Structures are given as structure tokens and as C-alpha cells.
Amino acid sequence: MSEKDITKSAVSGIAKLDRTNYVQWCIDVQLLLEEKGAAATASAQEKLKFAKDRAKSRAIILQSLVPRLQPAAIKCDTTQAVWQHLKRLFEPSLIAREASLVETFYGIRRLENEELDTFVSRLEKAEDDLIAANEKLKPEDQIKAYILLSRVGKDFKLQIQSIYQWQKDNFTYKKVLEALLLENNRRKLVAVTKMSSEAVQAFSSKSKVTDSKSSADESYLQKITCLKCNQQGHFARDCVQKVSVSQDTSYLDSVTCYTCGKTGHISRQCPDGYAPRGGRPFRGRSHGRSSRRGGNTPGQPSSNVTSAWFAKVVIQGLLVRTLWCVVQK
Numbered sequence: 398m399s400e401k402d403i404t405k406s407a408v409s410g411i412a413k414l415d416r417t418n419y420v421q422w423c424i425d426v427q428l429l430l431e432e433k434g435a436a437a438t439a440s441a442q443e444k445l446k447f448a449k450d451r452a453k454s455r456a457i458i459l460q461s462l463v464p465r466l467q468p469a470a471i472k473c474d475t476t477q478a479v480w481q482h483l484k485r486l487f488e489p490s491l492i493a494r495e496a497s498l499v500e501t502f503y504g505i506r507r508l509e510n511e512e513l514d515t516f517v518s519r520l521e522k523a524e525d526d527l528i529a530a531n532e533k534l535k536p537e538d539q540i541k542a543y544i545l546l547s548r549v550g551k552d553f554k555l556q557i558q559s560i561y562q563w564q565k566d567n568f569t570y571k572k573v574l575e576a577l578l579l580e581n582n583r584r585k586l587v588a589v590t591k592m593s594s595e596a597v598q599a600f601s602s603k604s605k606v607t608d609s610k611s612s613a614d615e616s617y618l619q620k621i622t623c624l625k626c627n628q629q630g631h632f633a634r635d636c637v638q639k640v641s642v643s644q645d646t647s648y649l650d651s652v653t654c655y656t657c658g659k660t661g662h663i664s665r666q667c668p669d670g671y672a673p674r675g676g677r678p679f680r681g682r683s684h685g686r687s688s689r690r691g692g693n694t695p696g697q698p699s700s701n702v703t704s705a706w707f708a709k710v711v712i713q714g715l716l717v718r719t720l721w722c723v724v725q726k
């Protein structure tokens, strides 16, 4: 891979410099140059050590510019010259930066639904940036406390009024911050407790509804009479007692058995078993050879009875035919 291809590959992950991203571009390019061993802001000893990489660092910076900025920057012979040229174009003056930081610190406000911890972090970072730009711009402790109270929002109105009643010596940023944080933690604890109590109440209400429904069902069941045991309090389908079979057999005296022709029992309770027309009681299913050779099938009339019945039918038919012929003559 050629030196030119290496340079293009190195700057491919950096957004090209434009008017809106100068600060981030400076950070990305400096980190890249330090990684490649060709830092533009290196010390004299480091510059001597990496003298061979100066042309490479200059090419990296030029490749990271948008096309409209390259013609003017390429006229600079060294990496340092290119860096200073871009710094004069894009870096704001010291006074402008201080003014911006002062405006940011004194104009800071807590956003809607913003956590108190987040707001305090933003306030302290704005103070740190202001001190880093100019130590003389460091705000006094009581001014910082006033800003915290006035910008924390209406949620802490009662707590703010209580703080204003303090002694002058106790009014410091640290104590004010501790009071606000305690109040914030108390509110979080109350919110958690309230949610827990609401959950318990919801569960209790559900239990009460279930209990009232059970009570209503019980009062309703007290009026129900079971058709099996004749007791109240449940339906027949829920009865735990078996249906008692009546022991009264007096009605069997007038019942005639279809199997044996006797009275006092029904056919399925006949002590003689099943004996249809052959005179023999049925002893069970036959498995012998007689059933295969045309023997009697269990539950069917015997062959003799069948033959007699067939002969009777034939004779009756002949008599009817003879009578018919006489009538015709």
C-alpha cells in the first residue's frame, strides 16, 4: 500500500473540518497524529524524533478538510503552519469564549422533569469550565448557592423558603445542596412508599371483592335443595353422596320375567339365566364346532323351531291359494 493510500485510510474515520465541528475535529486529529507518532503540538524533542513524519502529519490534516478549505491550507509549508492557519480561522477569541462560559453558568436552569443530581452536575461543570478559562471568573460560594436555589425550580418552593430563614453563616453552597438533596431523597422515598401502599390496597380490594362474591354465592346456595340427598346448600352435580337405591321391592310382585315367565323379578335379574325358546338356559357364548356346522347360535331360536315355523307358513299359504281358486270357479 502506498503512502498516499495510508494517509487516506488514516483520516477515513474523521469527519472533515467545517465551521460547525472545529472543536471535535481538533480532538480527533490530535489523537490520530499522536497515534501515528506525528503530533503537531509535540515538544521540540518529540519533533526531532519524528522529523521524518512531518510531511505525513501535514498530509493527514489536509486530507481531513473539506474541499473549499484545502486550497488556502495547502499553501502552508509545515504542519504547524497549517494548524495555526486553521486555528486563526475557527477558534474563537479568549474574550468571546469567556463571555460564552459566563452566560452559560449564570443562565443555567433546571429542565422540566430533570433529576436534581443531573442539574447539579451541569451547574458544577459550567463552573469548572469558567474557572479553566479564567481563574478570576470563579463565582463566590454564596452566589453559587443563590444560583442553585433560584434555578432549581418550583418543586422545592417550600424548602427554598425554609433555607432563606437560615443564619447568614450557614448559607453556603455545600449546606444548601445537602438540604435540597435530603428533600429530594425524602420525596423519592415517599413516592416509593405510596406506590407500595397502593399496590397493597389494590390487592386488599381485590380480596374483598372475592370474599363478598363468595359470601353472596354462599347465601344463594343456602336456598338451593339438592335433588339427590334432599339437603340444602349445594346442587345435585356437586353432591358428595351417592344416589341411594330404593330397597322397596314390593312392585316386583306384579312383574313377569320375559325369560322364565315367572313373577317377582325382571329378565336381567333372572336366576335361570338367558333361555330364549329352546328350553335351555344360556350358559355363555359357544366356542365349539356346532356353531360352525350350523348349530344354534346363542340368543337365536333353535333349528327345530325355525323349521316348524316355516312349514306352518307354507301350509297357510297353500290353504289361502286353494280357497282363492275355489272362489274363482
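Its first residue numbered 398, the sequence shown is counted upward by one per residue in the numbering used here.
C-beta atoms are modelled at their ideal positions from N, C-alpha and C, and glycine is treated no differently.
Just so you know, these numbers come straight off a predicted model, no measurement behind them.
Validate contact between the region 539–552 and the region 567–585 using beta carbons, cut 8 Å, 3 pairs: The region 539–552 and the region 567–585 touch, with no fewer than 3 CB-CB distances between them shorter than 8 Å.
Supposed close pair L527, V499 - CB separation, criterion 8 Å: That pair is a contact at about 7 Å.
Reduced DSSP secondary structure (H/G/I, E/B, other) of Q629: In the structure shown, the three-state DSSP call for Q629 is strand.
C-alpha gap between G658 and I712, whole angstroms: Straight through space, the alpha carbons of I712 and G658 are spaced by roughly 30 Å.
contact_flag[the region 488–497, the region 457–469] where n(CB pairs < 8 Å) is 3 or more: Flag = no, the region 488–497 and the region 457–469 do not touch.
CB-CB length for A496 against L483, believed under 8 Å: That pair is no contact at about 22 Å.
N-terminal and C-terminal residue of the alpha helix (DSSP H) that F516 is part of: Run containing F516: 513–530, per the alpha helix (DSSP H) assignment.
Cβ neighbour criterion (16 or more within 10 Å) applied to Q727: In this structure the chain extends from 398 to 726, so residue 727 is not present and cannot be described.
Helix, strand or coil at T622 [DSSP, three-state]: In the displayed model, T622 falls within a strand according to three-state DSSP.
Secondary structure of T660, DSSP reduced to three states: Strand.
K541: first and last residue of the uninterrupted alpha helix (DSSP H) it sits in: Per DSSP, K541 is one residue of the alpha helix (DSSP H) stretching across 538–548.
Reduced DSSP category for T590 - H, G, I as helix; E, B as strand; rest coil: Here T590 sits in helix by DSSP.
Cα-Cα separation, W480 to P464: Approximately 16 Å, taken between the alpha carbons.
Beta-carbon contacts of Y745 that lie in its chain and below 6 Å, excluding the five residues immediately before and after: What is shown of the chain runs 398 to 726, which leaves residue 745 out entirely.
Residue burial classification, E615 (beta-carbon count within 10 angstroms, cutoff 16): That one is exposed.
Buried or exposed (CB count within 10 angstroms, at least 16 for buried), T660: Classification for T660: exposed.
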